[in-house]
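Down below is the structure, laid out as C-alpha cells.
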Amino acid sequence: SQQGEEDPQALSIQEGENATMNCSYKTSINNLQWYRQNSGRGLVHLILIRSNEREKHSGRLRVTLDTSKKSSSLLITASRAADTASYFCATAGGSTLGRLYFGRGTQLTVWP
Amino acid sequence: GAGVSQSPSNKVTEKGKDVELRCDPISGHTALYWYRQSLGQGLEFLIYFQGNSAPDKSGLPSDRFSAERTGGSVSTLTIQRTQQEDSAVYLCASSLRPVDEQFFGPGTRLTVL
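Going down the list, the sequences are from chains A and B. Mind the numbering: the first sequence is residues 1 to 112 in my numbering, read in order. Mind the numbering: the second sequence is residues 1001 to 1113 in my numbering, read in order.
So this is what it looks like as C-alpha cells:
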C-alpha cells in the first residue's frame, strides 16, 4: 500500500511548545502533502513538498522529506490553541498520479 | 477567488434511495477528485477526472457509485440504492494539475437511515 502513516496518533502539548508529527510511506512518490482538518469537515491544505525537495517552510510550519527513508515530518513551532486539529499526510505518485493516499492522521491538542 | 464548493452540506436519506452530490471546483482547475471519509475507513479515494481523459474510477466501492463531470467543471457523484455503509462525509477536491496541491471543499455529510 502507498498509504501514509502518521505518528503519533495523538499528541497533547502546551501553548508555545513545538509539535512534531511524522509520516511514513511505502512506495515512490511524486509529492507529499500535509493537511489540517477541524471538526471532521473540510481539509485545509498546508504544504506540498515534491520528491526532489528536502525541506519547505510556511510561516510556523516546517516540513522535511527524506525519500531514502520514505518519511516526512511536520513541525509546528510556537503552537497555539487554534492549532488544535487533526493533521494528515497524503502521498501522490507512482502509477496513480493525482490520486492521494492518506494516513489515519495525528490528533493534535494544544492546551492554553 | 472562490474555493471548492459542495452541496448539499448535509443529506439524510432512507436506505434504497438514490442521492446526488454536487461539486463546483475552483475555476481553471483541470483535475477534480472525490474522496470519502468515514470513521472505520479513514480518507478513501473514489474517482479522479483530468481534463477530457477517461476518469480513474478505481476507487469506487461498487457499481452503485458513479460520477460525471460536465463541461470540465461541475461534477456530480451519484449513489444508487443507498446502503447504511454509504454513510460518510464525501469530499471533493480540485487542483490546477494532477501534480499540484489539491484544495478540498467542505464536504457533504451523508446519513443513510
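We put the beta carbon where it would ideally sit given N, CA and C, even for glycine. A quick note: this is a predicted structure, and the numbers were derived from the prediction, not measured.
Exercise. CB-CB under 6 Å to B/Phe-1045, same chain, minus the five flanking residues each way: which ones, in chain order?
Worked result: Counted from its first residue, the second sequence places residue 1045 of chain B at position 45. Closer than 6 Å at Cβ, skipping near neighbours: Tyr-1035, Gly-1059.
Exercise. For chain B, is any of its Cβ atoms less than 7 Å away from the one on A/Ser-1?
Worked result: Along the first sequence, one-based indexing puts residue 1 of chain A at 1. Here A/Ser-1 scores only 48 on pLDDT, less than 50, and its place in the model should not be relied on; the value that follows carries that caveat. Output row for A/Ser-1: interface = no.
For this session: Could you tell me whether the Cβ of B/Pro-1055 comes closer than 7 Å to any Cβ of chain A?
Result: Locating residue 1055 of chain B in the second sequence gives position 55, counting from the first residue. Not an interface residue.
For this session: Evaluate the contact criterion for the stretch 27–34 of chain A versus the stretch 86–94 of chain A: three or more CB pairs, one atom per stretch, below 8 Å.
Result: yes
Problem set entry | Residues, ordered as in the chain, of the stretch 39–52 of chain A that lie near chain B by beta-carbon distance below 7 Å | Across the stretch 39–52 of chain A, CB contacts with chain B closer than 7 Å involve Gly-40, Arg-41, Gly-42, Leu-43, His-45, Leu-48, in sequence order along the chain.
Problem set entry | A/Val-110 versus A/Leu-61: straight-line alpha-carbon distance, rounded | As a first step, residue 110 of chain A is located in the first sequence; it is residue number 110 there, counting from the start. As a first step, residue 61 of chain A is located in the first sequence; it is residue number 61 there, counting from the start. Straight-line Cα distance between these residues: approximately 15 Å.
Exercise. What whole-angstrom Cβ distance do B/Lys-1015 and B/Gln-1080 have, given they're in contact under 8 Å?
Worked result: For this step, residue 1015 of chain B is matched to residue 15 along the second sequence. For this step, residue 1080 of chain B is matched to residue 80 along the second sequence. Not really, about 12 Å apart at Cβ, beyond 8 Å.
Problem set entry | Proximal chain A residues relative to B/Tyr-1048, where beta-carbon distance stays under 7 Å | Translated into the one-based positions of the second sequence, residue 1048 of chain B becomes position 48. Per Cβ cutoff of 7 Å: Gly-98, Arg-99.
Exercise. Does B/Phe-1104 come within less than 7 Å of chain A when only Cβ atoms are used?
Worked result: Here the question's residue 1104 of chain B lines up with position 104 in the second sequence. Yes, contact with chain A.
Problem set entry | C-beta neighbour in chain A for B/Ala-1031, strict 7 Å | What you label residue 1031 of chain B is simply residue 31 of the second sequence in a count that begins at 1. With 7 Å as the cut-off, B/Ala-1031 counts as an interface residue toward chain A.
Exercise. Measuring CB to CB, does B/Gly-1105 end up less than 7 Å from B/Ser-1007?
Worked result: Start at 1 with the first residue of the second sequence, and residue 1105 of chain B comes out as number 105. Start at 1 with the first residue of the second sequence, and residue 1007 of chain B comes out as number 7. No, these two residues do not count as a Cβ contact at 7 Å.
Problem set entry | For A/Arg-36, three-class secondary structure by DSSP | Here residue 36 of chain A refers to the residue found at position 36 when the first sequence is read from its first residue. Strand at A/Arg-36.
For this session: Return the Cβ separation of A/Ser-73 and A/Glu-17 in integer angstroms, given the expectation that the two are a contact with Cβ distance under 8 Å.
Result: As a working mapping, residue 73 of chain A is identified with position 73 in the first sequence. As a working mapping, residue 17 of chain A is identified with position 17 in the first sequence. No, A/Ser-73 and A/Glu-17 are not in contact; Cβ-Cβ is about 16 Å, not under 8 Å.
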